[in-house]
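Peer 1: Residue 78 in my numbering sits at position 62 of the sequence shown, with consecutive numbering throughout.
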Amino acid sequence: MYYLCLDCVTARNLELISNINNPRSNHSLYGVLNNTCTPMGARLLRTNTLQPLSDVTTINMRLDAVEELIRHEETFFAIRTALKPFQDIDHLITALIQVPKKPSVKHAEQSINNVIILKHTLNLIKLLKESFTGVQNSLLDAIYSLLTDLRLESFEERINDVINEDITYAKSPLALRNQRCYAVKAGFNGLLDVARQTYKETVDDLNEMIDQYREQYQLPIKTQFSSAAGFYLSINIDQLEDKQLPLTFINVKKKRKILTFTTLEVMKKNIKISDSLTEVYLMSDKTIEDLISEIRSGICVLYKASESIAMLDMLTSFAHQCTVSNHVRPEFTDTLAIRAGRNPMRENLYVDTFVPNDTYASSATNFQLITGPNMSGKSTYLRQIALMSIMSQIGSYVPAEYASFRMVNQLFTRICNDDNIESNASTFVVEMRETAYILQNVTDDSLVIIDELGRGTSTHDGLGITYAICEELLKTKAFIFFATHFHELTRSLTVYPNVVNLHLEVEIEEEDSRVAMKYLYRVKDGRNDDEHYGLKFGQIVGLPEDIIRKASEVSYKLKELIDSNKEKSNSNKIIQRRKTLLQLTQHLLQIRRSSNLDKDELRRYLKMVQEEFITKMEALL
């Protein structure tokens, strides 16, 4: 099986597992996708988020299973319900395979717990198998086959030979203690039966003594239990009716409106009960250890069952995501084509206002150069592409109306601009290190996301380095999405036919010398000729007018100087016309390969493509 390679910088930049600003927040890709019901499923999802697949066959098997679960709602909800009570089977397996160096009360107690949890788990697996009704899918069938292994049934039969059938897993401390005490069937050890009888009689004596306290002092005393303190007493302060607690009651503690306390006699009974339990656990240990040894020899079947349940849990989590958000099944072709894609981490925060965007990249348009002012949505758009690619390659549906992806074997990002104070690395040094790593490892099947390169040094050096890096990346067939503030690149890189200029749309509103900037968050083709967003933003935040005026004069003079040195020729328009023809060819090939439209819809869509092509060509005449 092959995997998509993600480095730690990319995992951090994309907030795959934890949020950069608040590590405790669930606002990460893993947090968004994690609708799992079991600890095993959550771990498998985390592993897949950090290590997505790159094998189309395996991914499509997962997608087929998710589609089958979405189609059969009753089965989907039945499986989800059956998964919720499961304990951590991996943790249980770890506990079962550990052999103690010498017997101890603590280990004996834990061993009984483990057998009770295993009995509970095997019973839950039976219930889970019953929820598989009406589904026909190879992956789900394989999971069902592993859950119906006859060795699991033999484990259950052997446990039922030793453990009382009415023993179940309990969460309350007292119930769990009683379950451990009476776990082993009577008759295996005569001394064990005597010790359990002693335990029962002592507990009964304690309850009778507490009843006597109630009658003697005419107080509604309640019996409480905790693992640390054993049995103790409590009463609501309001029920005392201005009375004082008798001196018989000691260790009085107040917690809100509840008083807790005990007596010397209760403490003595707790000690006796504890001694009885110690005898029960130690006498049960030999029988329990023999049972665990038999199970240990076939522990591999539990590993497989745990992996199967984890996979099933992750698949149902993906299906659940489709019920709470509008997601679509991704396709895998040689192009990246997304219609109305949404950032999976942002759409939940801005349900009604998030603006979806299209994305298209092919071998003929593999370098996308994106410009736009600060806060226009460039970073969100770049992360959206990367996150959707990861989602598709772990077998999840993606937030879009249509999505086609090229299989990616490596994903690189250069997003953060923070100084690394601990290693004494400036913004520029960090940029260059991360970019060097990308250039050394990028392949034709990589996806590269770069946001704002070259800002940590002088303008001329930054532009020169950025241009050289772009040229180096253009030698590959990797899909590259490059956001920049260097508008010069939108002109100088047009000599390459595979470079596509995009920009984030912004509306500038000027009224009575006041300027307002409206962010539309829409990705548009071509470059935006208005390069003076910085000046307009300065006006918005209230810089003095004379500073804005002087800055405008200098900016426009520099632009005129640059434009005057450019060659006056039609070569650029010729290049643009060739690129437009190449893009049309790729677009038509994509439609032919993966369009599901009927004839009338396809005719209307092709008509729209034709009109867009004619408009672009006329603008280049």
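Cβ atoms here follow ideal geometry from the backbone N, Cα and C, with glycine treated the same way. The structure presented is a predicted model; accordingly, all values stated were derived computationally and were not measured.
1) From Glu468 to Asn382, what distance separates their C-alpha atoms?
2) Pick out the complete alpha helix (DSSP H) segments inside the region 161-185, 4 residues or longer, and give them in chain order.
3) Let me make sure I understand the geometry here. Which of Leu280, Thr149 and Lys270 has the alpha-carbon closest to that of Leu263?
4) Thinking C-beta only, is Asp350 closer than 8 Å to Arg422?
5) Comparing C-alpha positions only, which one of Tyr215, Asp177 and Val115 sits nearest to Asn194?
6) Span of the beta strand (DSSP E) holding Thr332?
7) Going by beta carbon distance, what residues of the same chain come within less than 6 Å of Asn364, once the five residues before and after it are set aside?
8) What's the gap between the Cα of Lys271 and the Cα of Cys197?
9) Could you give the DSSP three-state label for Phe204: helix, strand or coil?
10) What are the start and end residues of each continuous beta strand (DSSP E) run of 3 or more residues lying completely inside the region 351-402, in chain order?
11) Tell me the residue span of the beta strand (DSSP E) that contains Ala499.
12) Helix, strand or coil: which one does DSSP assign to Leu455?
13) Hey, quick one: how far does the alpha helix (DSSP H) through Lys270 stretch, first residue to last?
14) If you draw a straight line from the alpha carbon of Glu146 to that of Leu61, how long is it in whole angstroms?
15) Suppose you measure from the CA of Asn359 to the CA of His343; what does that come to, to the nearest Å?
16) Between the C-alpha atoms of Arg619 and Val25, what's the straight-line distance to the nearest angstrom?
17) How would you label Met56, buried or exposed, when you count the other beta carbons within 10 angstroms and need 16 or more for buried?
18) Closer than 8 Å is the cut-off here; do at least three beta carbon pairs connect the region 91-106 with the region 40-56?
19) Which same chain residues end up closer than 7 Å to Glu417 when comparing Cβ atoms and leaving out the 5 residues on each side of it in sequence?
20) Jot down the residue ranges of each uninterrupted beta strand (DSSP E) in the region 464-508, minimum 3 residues, whole runs only, in chain order.
21) Rounded C-beta distance between Gln337 and Leu49? I'm assuming under 8 Å.
22) Taking a contact to mean a Cβ-Cβ separation below 8 Å, would you say Ser405 touches Leu427 in this structure?
23) For Ile36 versus Ala27, is the C-beta distance shorter than 8 Å?
24) Give the secondary structure of Glu257 by DSSP, where H, G and I count as helix, E and B as strand, and everything else as coil.
25) Mapping the DSSP letters down to three states, classify Cys24 as helix, strand or coil.
26) Compute the Euclidean distance between the alpha carbons of Glu583 and Ser508, then round it to the nearest angstrom.
27) Return the first residue and the last residue of the alpha helix (DSSP H) that Phe93 is part of.
28) Since Lys493 and Asp460 are thought to touch, with beta carbons under 8 Å apart, how far apart are those beta carbons, to the nearest angstrom?
29) Is the beta carbon of Ala499 closer than 8 Å to that of Ile466?
30) Measuring only the C-alpha atoms, how far is Phe204 from Asn286?
31) Suppose you measure from the CA of Tyr319 to the CA of Glu172; what does that come to, to the nearest Å?
32) Give the range of the alpha helix (DSSP H) segment to which Tyr418 is assigned.
33) So which of Thr73, Ser120, Tyr621 and Val72 has the shortest CA-CA distance to Ser300?
Peer 2: The structure says:
1) 18 Å
2) 166-178
3) Leu280
4) yes
5) Tyr215
6) Element bounds for Thr332: not the beta strand (DSSP E) but the alpha helix (DSSP H), Cys316 to Val340.
7) none
8) 31 Å
9) coil
10) 352-357, 373-377 and 383-387
11) Phe495 to Ala499
12) helix
13) Taken as a continuous stretch (DSSP letters only), Lys270 belongs to no alpha helix (DSSP H), being part of the beta strand (DSSP E) at Ile266 to Lys271.
14) 25 Å
15) 12 Å
16) 46 Å
17) buried
18) yes
19) Val344, Arg355 and Ala356
20) 495-499
21) 6 Å
22) yes
23) no
24) coil
25) helix
26) Caution applies to Glu583, whose pLDDT of 46 falls short of 50 and renders its modelled position unreliable; the value that the coordinates give is listed next. C-alpha separation (whole angstroms): 12 Å.
27) Glu89 to Leu99
28) 4 Å
29) yes
30) 27 Å
31) 16 Å
32) From DSSP, Tyr418 is part of no alpha helix (DSSP H) but of the beta strand (DSSP E) over Tyr418 to Arg422.
33) Ser120
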